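Enquirer: Dropping a structure here in structure tokens format, bear with me for questions.
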Amino acid sequence: MYVFMKLRRETEERRRFSPGIGEGREGVGGAARSSHRAPPIRAVSVPLAGRWAPIGGGRCEPPNGVRGGGGASAASVAEVTASGVSNRPPPVRLHQRRRTPAMPGPRERGAPARGSNAFPWRGVGPEQRGRLPPVPALNRCVGTVMWELHPSALGPNDGSIAIVGHSCALYPRLPGRDSDRGTPQSLSAVDACSWDAKGRAPGSLQLGAQDRGPSCTPVQRALLALTPTLEKLQEVKGRVLEALERGLSQQSRARSTMQMLPTFICSTPDGTENGDVLVAELCQNHVRTLWVTLAGDGNQNPQLMYRVFETPGDVLQGSGEALFDFIAQCVKSFLEEIGNPQHRLPLGFVFPFSCRQTGLDKAELISWSKGFQCSDVEGKDVVQLLQAAISKQELHHVDVVALLNNTVGTMMTCSTPEKPCEIALVVGSGTNCCFMAESDLLEIAGVTSGRMCVNSEWGCLGDDGALDNVLTPYDHRVDQESSNPGERRFEKLVGSLYLGETVRHAMLMLASEQALFIGRNTSTLATKAVLTTQQVLEIMDNEDGMAKAQGMLEALGLQPSERDCCRVQQLCRAVVSRAAALSATGLAAVLSHMCRSRQLERLVVNVGVDGGLYRTSSRFGEILRSVVGLLAPECAATLVPSGDGRGLGAAIVTAVALRLVAQRNKVERLLAPLRLSRADLERVQALMKQEMERGLDRESNATSSVRMLPTYVCHTPDGTERGKFLALDLGGTNFRVLVVHVEEDNIHMANEIYVIPTAIMQGTGEALFDHIIECIVDFQMKQKLTGQVLPLGFTFSFPCQQLGLDKAVLLTWTKGFNASGCVGQDVVQLLREAAQRKQHTTLKVVAVVNDTVGTMMACGYHDPKCEIGLIVGTGTNACYMEERANVGTVEGDEGRMCINMEWGAFGDNGCLDGFFTSFDQLVDEKTINAGKQRFEKLISGMYLGEIVRHILLALVEEQVLFRGKPSHNLQNRDIFQTKFLSKIETPGLALLQVQGILCNLELDASYEDSVLVREVCRVVSQRAAHLCAAGMAAVVEKMRESRGLEQLTVTVGVDGTLYKMHPHFSQNLQQMLRELAPRCNVTFLQSEDGSGKGAALVAAVTCREADPCSPQ
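So in our numbering, the last one in the sequence shown is 1113, and the numbering has no gaps at all.
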């Protein structure tokens, strides 16, 4: 199997991180315990992040000083070379152009010539990189060799390539594992292979040679077992993804070994965090307390004081009460030493154990690990236990605000306002990973918006057997000797607490096979913890590793040979390299999940990294970067070393929590008036019903804000209508003319749209109606209807007082119209006079209706139960069939008549003033009809975007949105159109796309800003839907009571872009209507061209009736 590894050139010396102030005193090996006493309080300024190193992007070259052979494998999946004997060729510098004769070149070592068919993947595109094609059917064995490939092998920006475990015949065939046809094998190393006098590899090691050599040695078998192939790593990645997705699902999480615990941290630092924060950190053998001051400067220069308190050994195995009392005593002692401040102190608690959190300050311990076995804690809220212990110390001003583990803290310390960190990886004595997951996928947290940090607890991966094909006999023995056999299998492959033990068991088994320490007494290797991970890392070193190996082995009384030292070094490199590769595999799975869940083609993200193993071993980080780039080529991840993921991270989490609480309080204060309760809506329903009754009464009609205008439409379609009819539709900037053919089984229509220029909309009435007649004449010519006299229905969607079916007096203009000489005039007569001026003699207007009535009639043709019309679009209105006996403004008591409510003006008399917010007032003041159409301005699409814009401005002013930076673009009226509400609230729309919408409006929105903008949009649109439901509840209840029914069944014909296009409006309306009118069974039927077809059907019904309804 071919594995391409990029090596990064470091311009400085290879990093050697000493354990940070948050690292356990036991070091990376976790074995030695210091007798360190509590030091005096230290005051330091801690940098948040270290050097940035790219993964998956940019040029990656080898560090200065890293040599070929052993050094080359610093970026390998495994450090396995032909170094089993002392007469190996001298090491080679990468990129060295001139080679000494003693050093075998790539061709001499068996590298294929350029153009050789041994590399059929050459020239593949980026989408194929990391997925390796089939290789020639040579005898396949494995090894490590370095050479320079043709640039086309990877790409124009790639440097040297380490080919690790390539499937060419470079090393002896392994009987029982390699067939003659060539089966791909694991990565391996040569054992006891020598170079000839000319610096060439033995014949059996050269490319293309068919090996018939001896079977592989025990050392080779050990290294093979410890070195996973890329194919196997890809399988592990798939299993990590499966476990991850199962853990996120409520139904399957019980079967997942990765628990995917929500942390309730929903934001990364934005740099504005400030103030004093107290931290208590529980470590493996000590408690650290910190005082951290953040200055709101981007968290670049936090000031902190800390003290370390050694934990007595009996506390780790004692009662939970004793443990938390000890932590509280440490906090009290620390505060006394710094002057015992008495102002309220928020405390962040670092608790590095698996917890089931139900809030940022609520967490039940799932299980202990790392040697802790305190009684009576598992299953209990550890925050409450600590708070109770703090109260016993009479520290009543200290409040535990947040609980987190060191992984989450690492992520927070590596975040900056410009480059937030959204993943953290810790590889120390244990291992874990956390990341910012999409909340809508996080079923277990019950949060549906934004993102939340999820603690994967991936140390338990493999507890169900998913990693059995990776485990070796050495891993099984390490597991059996641990305090928790069968548990945390992945952590035992990766964590530094176990790597020394893995090497020890490998040496012990090889010694029993007479492959190591021949003739020596190896009984000391049977003693647990005689080899620490720190020693393993020292032995790996290129320059001093052999000497370290010799010294360590001699100290154990093993009297090693040079060959023994070399083989032990190979084992150490293989074990650590495997740990790095497996860590990278898990990280690659998380990256791929994030990329897919965010619907991105390429994910660019920062990864905070911490832990003694990562900090101590530069080789570990190099392998981590390389393998992640291979397994997740669709992601460009940058590793950011953490400064102090535990203490400072906890302080930042606590500060972020306080910031979010303060911001949430501001948001709730601003949005509270728009969140209408059930009681509020019932009050609106009652007010609407009251105004309806006043509008129907002849005496009080003039003072009602709901005009309840009779339409003189007394019948709905019954299906017997036939004929050809004209229809006019005037209700906005576009004017339509239609011809409608009503047949037995269907209705056919043809129409033409004509634009009404603004000059005509706001000019004279004569010019407006002359333009309408010209459009009618043009349409009849195009449809070859010239000279035909057809009944015409006129949809006139403006408030009118109707005096007859074909007589309607305009009350006021809306929707931007302001043509002079029309208000107070009969619009049908104005149309007829224009026809006379234009000498159009075939005009026959039989009915004038508004779009709401037309919608009811159009739906009534398909559903005879449709007796209500509703429009929710640019404006809003409703009509319904009222008992004529209740209509006091017209004569007659028989039958029913459609009432045009004109409910957009509901509240113009002040009855809704208590529901008008300051944002509604700002919108109203800037309209051309200030103080009018108050209900419409709370509901309709013309105004919702403006309401949202004013709320966003207020949030900016409160320093909650857009980091408090004034947005010039947001000052522009109508920039935030209502259509953006529909887009932003679309289900499944990733918040990155919401962020893109805002950026297109030149609004500098962060991810958290996008979450807040979506919330504002939802609050505004939901209020509109609920107010509409309250109005409709008044209508259906009025109909039910007027008809004396226990239960009313009725259909509402509905039209309008807001109702049809908004993703949640119709659902919110219908759900609330069911709650407000439980005795009414209401069905909604969307209209198809109600304003056009409906007008024609009114004309058709009029012609059908022998005695049409008319005012008498």
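Beta carbons are placed, not taken as given, at the ideal position from N, Cα and C, and that holds for glycine.
Please read these numbers as outputs of a predicted model, since none were measured by experiment.
(1) Take Arg1015 and list the residues in its own chain whose beta-carbon comes closer than 8 Å to its own, dropping the five residues that flank it on each side.
(2) Would you tell me roughly how many angstroms separate the C-alpha atoms of Met437 and Cys267, rounded to the nearest one?
(3) Where do the ends of the beta strand (DSSP E) carrying Asp611 lie?
(4) Count the C-beta pairs between the stretch 844-861 and the stretch 1032-1050 that are closer than 8 Å, then say yes if the count reaches three, no if not.
(5) I'd like the span of the beta strand (DSSP E) that includes Glu868, first residue to last.
(6) May I ask you to report which of helix, strand or coil DSSP gives His96?
(7) Reducing DSSP to helix, strand and coil, say where Pro127 ends up.
(8) Would Gly487 pass as a contact of Thr534 if the rule is Cβ separation under 8 Å?
(9) With DSSP run on the structure shown, which of helix, strand or coil describes Pro1079?
(10) Of all the alpha helix (DSSP H) runs that stay within the bounds of the stretch 532-618, which reach a length of 4 or more residues?
(11) Within 10 angstroms of the Cβ of His397, are there 16 or more other Cβ atoms? Answer buried if so, exposed if not.
(12) Count the other CB atoms, across all protein chains shown, that sit within 10 Å of the CB of Cys867; report buried if there are 16 or more and exposed otherwise.
(13) In whole angstroms, give me the CA-to-CA distance for Pro418 and Met306.
(14) Tell me whether Cys636 sits in a helix, a strand or coil according to DSSP, three-state version.
(15) Which residue from Lys816, Ala1097 and Gln252 puts its Cα closest to that of Thr443?
(16) Going by alpha carbons, who is nearest to Leu295 out of Gly460, Leu649 and Phe350?
(17) Where does Gln934 land, buried or exposed, given buried means 16+ other C-beta within 10 angstroms?
(18) For Arg521, which of Leu559, Val873, Thr979 and Glu1089 has the nearest alpha-carbon?
(19) Using DSSP with H/G/I as helix, E/B as strand and the rest coil, what is Asn702?
(20) To the nearest angstrom, report how far apart Val1083 and Leu592 are at their CA atoms.
(21) By Cβ distance, which residues of its chain are closer than 6 Å to Arg132, with the 5 residues on each side in sequence left out?
(22) Below 8 Å between beta carbons: does that hold for Leu614 and Gly429?
(23) Classify Ala1097: buried if its beta carbon has 16 or more other beta carbons within 10 angstroms, exposed otherwise.
(24) What is the DSSP secondary structure of Gly1095, reduced to helix, strand or coil?
(25) How far does the beta strand (DSSP E) with Cys422 in it reach, from first residue to last?
(26) Which one of Trp459, Leu572 and Asp565 has the shortest CA to CA distance from His506?
(27) Is Ala651 closer than 8 Å to Leu405 when the C-beta atoms are compared?
(28) Would a C-beta distance cut-off of 8 Å place Val849 and Phe797 closer than the cut-off?
(29) Are at least three pairs of beta-carbons, each pair with one atom in the stretch 672-680 and one in the stretch 377-386, less than 8 Å apart?
(30) Looking at C-beta atoms only, is the number of pairs between the stretch 690-707 and the stretch 896-913 that lie closer than 8 Å three or more?
(31) Evaluate Asn485 with the Cβ neighbour count: other Cβ atoms within 10 Å of its Cβ, from every protein chain shown; 16 or more gives buried, anything less gives exposed.
(32) Please classify Thr721 as buried or exposed, where buried requires at least 16 neighbouring CB atoms within 10 angstroms.
(33) With distance defined between alpha-carbon atoms, name the residue in Met453, Ala581, Val608 and Gly764 nearest to Val495.
(34) Is Leu292 helix, strand or coil by DSSP?
(35) Would you kindly work out how many angstroms separate the C-alpha atoms of Gln1023 and Cys1029, rounded to a whole number?
(36) Out of Pro674, Ala403 and Cys1104, point me to the one whose CA is closest to Leu348's CA.
Expert: Quick answer:
(1) Ser450, Ile985, Glu986, Leu992 and Val995
(2) 8 Å
(3) Leu604 to Asp611
(4) no
(5) Cys867 to Val873
(6) At His96 the pLDDT is 33, less than 50, meaning the model places this residue with poor confidence and gives no usable figure here.
(7) Residue placement at Pro127 is poorly supported in this model, since its pLDDT is 35, which falls under 50; the coordinates are not used for a value here.
(8) no
(9) coil
(10) 534-541, 546-556, 563-598 and 613-617
(11) exposed
(12) buried
(13) 24 Å
(14) strand
(15) According to the sequence displayed, residue 443 carries Leu and not Thr. Nearest of Lys816, Ala1097 and Gln252 to Leu443, Cα basis: Gln252.
(16) Leu649
(17) buried
(18) Leu559
(19) helix
(20) 48 Å
(21) Unreliable placement is indicated for Arg132, whose pLDDT of 35 sits below 50; no coordinate value is reported for it.
(22) yes
(23) buried
(24) helix
(25) Cys422 to Val428
(26) Leu572
(27) yes
(28) yes
(29) no
(30) yes
(31) exposed
(32) exposed
(33) Ala581
(34) For clarity, residue 292 is Trp in the given sequence; the question names Leu instead. Residue state, collapsed to three classes: strand.
(35) 10 Å
(36) Ala403
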